[in-house]
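Note sheet for the following structure.
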Amino acid sequence: MSRDEFYMLRCLQLAANGLGTTYPNPLVGAVVVHNDKIIGEGWHKKSGEAHAEVKAIDSVKNHDLLKDSTLYVNLEPCSHFGKTPPCADLIIEKKIRKIVIGSLDFNDRVCGRGIEKLKLAGCEVVVGVLDEKCKELNKRFFTFHLKKRPYVVLKWAESFDGYLSPERFEEVNLGDVKNRKPYWISSTYSRIFVHKLRAEEQSILVGARTALMDNPKLDIRSYSGKSPLRILIDRRLSLTKDSNLFDGSAETLVFCENLPENNEFLPKVEFVKLGFKDHIEERILDELYQRGIQSVIVEGGGQTLSGFIGKGLWDEAIVIKGKSIFGKGTKAPQISGELKSSFNIVEDEVSLLQNQVNLI
Numbered sequence: 000m001s002r003d004e005f006y007m008l009r010c011l012q013l014a015a016n017g018l019g020t021t022y023p024n025p026l027v028g029a030v031v032v033h034n035d036k037i038i039g040e041g042w043h044k045k046s047g048e049a050h051a052e053v054k055a056i057d058s059v060k061n062h063d064l065l066k067d068s069t070l071y072v073n074l075e076p077c078s079h080f081g082k083t084p085p086c087a088d089l090i091i092e093k094k095i096r097k098i099v100i101g102s103l104d105f106n107d108r109v110c111g112r113g114i115e116k117l118k119l120a121g122c123e124v125v126v127g128v129l130d131e132k133c134k135e136l137n138k139r140f141f142t143f144h145l146k147k148r149p150y151v152v153l154k155w156a157e158s159f160d161g162y163l164s165p166e167r168f169e170e171v172n173l174g175d176v177k178n179r180k181p182y183w184i185s186s187t188y189s190r191i192f193v194h195k196l197r198a199e200e201q202s203i204l205v206g207a208r209t210a211l212m213d214n215p216k217l218d219i220r221s222y223s224g225k226s227p228l229r230i231l232i233d234r235r236l237s238l239t240k241d242s243n244l245f246d247g248s249a250e251t252l253v254f255c256e257n258l259p260e261n262n263e264f265l266p267k268v269e270f271v272k273l274g275f276k277d278h279i280e281e282r283i284l285d286e287l288y289q290r291g292i293q294s295v296i297v298e299g300g301g302q303t304l305s306g307f308i309g310k311g312l313w314d315e316a317i318v319i320k321g322k323s324i325f326g327k328g329t330k331a332p333q334i335s336g337e338l339k340s341s342f343n344i345v346e347d348e349v350s351l352l353q354n355q356v357n358l359i
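Under numbering that gives the first Met the number 0, the final residue of the sequence shown carries the number 359; numbering is consecutive throughout.
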């Protein structure tokens with residue numbers, strides 16, 4: 000491993016601290032190195048707050064050392080005025096001579112302009128150190144700006160023999176909506192893991208059938224952070240107002256064929272009229288893109304998941320396989336992708352698949 004790669008890895012470690020809190024901004028970490036020693040570091044925590052480069056520079060106790068230092072950052076420094084001033088201007092002002100960058104920023108407002116500004120000011124700029132790792136960290140941000148849609152994560156739990164739910168579960172699960180409980184295939188520890196996943200994404204989506212059967216909350220009550228935007232596909236507005244998705248605990252978006260006739264107020268709920276004849280998945284992703292949503296985790300049910308799989312509109316899938324054997328029931332979706340990794344959470348087996356077709 001080269002010296003530049005070593006310090007870039009540190010940038011990536013720092014940047015990852017902001018996962019789930021920086022939207023709509025990317026994940027960025029920065030390190031200031033003088034005589035092969037880190038003298039300053041920082042990461043971006045939240046939109047509107049200081050960028051990683053600013054925090055790293057401000058953390059240096061003796062600013063006289065900056066002119067003989069190297070700044071490492073996993074993403075191209077910004078060159079435009081947004082909620083904060085351009086980081087490229089601060090780097091030039093502090094007379095930092097060398098800047099090592101992981102990857103370009105594909106946002107149209109930046110995309111090479113930050114590098115150009117630094118070079119015109121006489122800075123030495125190195126680009127592309129651990130480029131693939133840097134792109135992987137900001138896969139949501141890059142997918143949003145390059146593909147003009149959110150990054151799509153599919154997630155489901157299935158029995159050991161490949162079923163989403165056992166036979167007759169639907170029949171025994173009917174009744175008063177508040178008493179409806181999901182059939183848990185995975186362990187308590189796996190559910191905590193799922194809440195962690197939810198905290199990292201900007202939105203979470205389910206179909207009406209899953210919402211009717213499980214009455215989910217789609218929140219992160221077992222983990223810290225902000226609950227994602229809840230999205231429901233409910234063509235015929237079948238959910239009743241006492242369902243958990245209408246409890247006002249989180250912003251909720253409902254895609255339907257026709258808007259409700261009555262104007263009854265539901266806190267934090269917005270209904271969006273959508274054509275359901277064809278291209279429903281594309282229409283949903285486009286609507287989320289227009290709203291600035293960079294990522295969505297699709298949690299079910301089988302028909303909804305299969306719709307995204309069939310269109311190839313997914314980037315990664317997280318499949319949790321429990322130890323139960325159902326024999327009959329609702330079959331889990333069939334998916335083909337490259338296995339990125341697998342691990343166990345107690346007795347559950349977790350597989351992470353990647354859609355190679357949609358790689359950035």
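All C-beta atoms, glycine included, are put in the ideal place defined by N, C-alpha and C.
The structure presented is a predicted model; accordingly, all values stated were derived computationally and were not measured.
Where the alpha helix (DSSP H) containing residue i begins and where it ends
{"i": "residue 144", "result": "138-146"}
{"i": "residue 36", "result": "Note, residue 36: premise wrong, no alpha helix (DSSP H); beta strand (DSSP E) at 36-42."}
{"i": "residue 53", "result": "51-57"}
Residue i versus residue j: straight-line alpha-carbon distance, rounded
{"i": "residue 317", "j": "residue 29", "result": "30 Å"}
{"i": "residue 186", "j": "residue 194", "result": "13 Å"}
{"i": "residue 338", "j": "residue 313", "result": "14 Å"}
{"i": "residue 139", "j": "residue 23", "result": "10 Å"}
{"i": "residue 288", "j": "residue 327", "result": "38 Å"}
{"i": "residue 204", "j": "residue 36", "result": "46 Å"}
{"i": "residue 306", "j": "residue 322", "result": "27 Å"}
{"i": "residue 68", "j": "residue 44", "result": "24 Å"}
{"i": "residue 113", "j": "residue 21", "result": "20 Å"}
{"i": "residue 222", "j": "residue 245", "result": "21 Å"}
{"i": "residue 308", "j": "residue 231", "result": "18 Å"}
{"i": "residue 259", "j": "residue 207", "result": "16 Å"}
{"i": "residue 128", "j": "residue 233", "result": "46 Å"}
{"i": "residue 91", "j": "residue 122", "result": "8 Å"}
{"i": "residue 257", "j": "residue 275", "result": "10 Å"}
{"i": "residue 147", "j": "residue 283", "result": "12 Å"}
Buried versus exposed call for residue i [16 or more other C-beta atoms within 10 Å across all chains shown]
{"i": "residue 61", "result": "exposed"}
{"i": "residue 201", "result": "buried"}
{"i": "residue 192", "result": "buried"}
{"i": "residue 253", "result": "buried"}
{"i": "residue 144", "result": "buried"}
{"i": "residue 4", "result": "exposed"}
{"i": "residue 293", "result": "buried"}
{"i": "residue 324", "result": "exposed"}
{"i": "residue 342", "result": "exposed"}
{"i": "residue 213", "result": "buried"}
{"i": "residue 8", "result": "buried"}
{"i": "residue 304", "result": "buried"}
Residues near residue i in its chain [Cβ-Cβ closer than 7 Å; skip 5 each side]
{"i": "residue 15", "result": "26 and 136"}
{"i": "residue 340", "result": "351"}
{"i": "residue 162", "result": "325, 328, 329, 330 and 331"}
{"i": "residue 356", "result": "311"}
Other residues of its chain near residue i: CB distance less than 8 Å, five sequence neighbours each side excluded
{"i": "residue 249", "result": "217, 218, 226, 227, 228, 229 and 267"}
{"i": "residue 89", "result": "52, 53 and 56"}
{"i": "residue 310", "result": "280 and 281"}
{"i": "residue 255", "result": "233, 234, 235, 236, 270, 271, 272 and 273"}
{"i": "residue 46", "result": "21, 22, 23, 24 and 82"}
First through last residue of the beta strand (DSSP E) which encompasses residue i
{"i": "residue 101", "result": "97-102"}
Cβ-based neighbour list, residue i, same chain, cut-off 6 Å, excluding 5 preceding and 5 following
{"i": "residue 291", "result": "23"}
{"i": "residue 349", "result": "319 and 342"}
Whole-number beta carbon distance between residue j and residue i, since they are thought to touch under 8 Å
{"i": "residue 119", "j": "residue 95", "result": "That belief does not hold up - the Cβ atoms of residue 119 and residue 95 are roughly 15 Å apart, past 8 Å."}
{"i": "residue 319", "j": "residue 210", "result": "About 20 Å separates the two Cβ atoms, so there is no contact after all."}
{"i": "residue 286", "j": "residue 152", "result": "About 18 Å; that fails the 8 Å criterion."}
Any non-hydrogen atom of the ligand COA within 7 Å of residue i CB
{"i": "residue 327", "result": "Of the ligands one can find in the structure shown there are none, so the ligand COA has no counterpart to examine."}
Min CB distance residue i to chain D below 8 Å
{"i": "residue 234", "result": "Chain labels in this structure do not include chain D; a single protein chain is all it has."}
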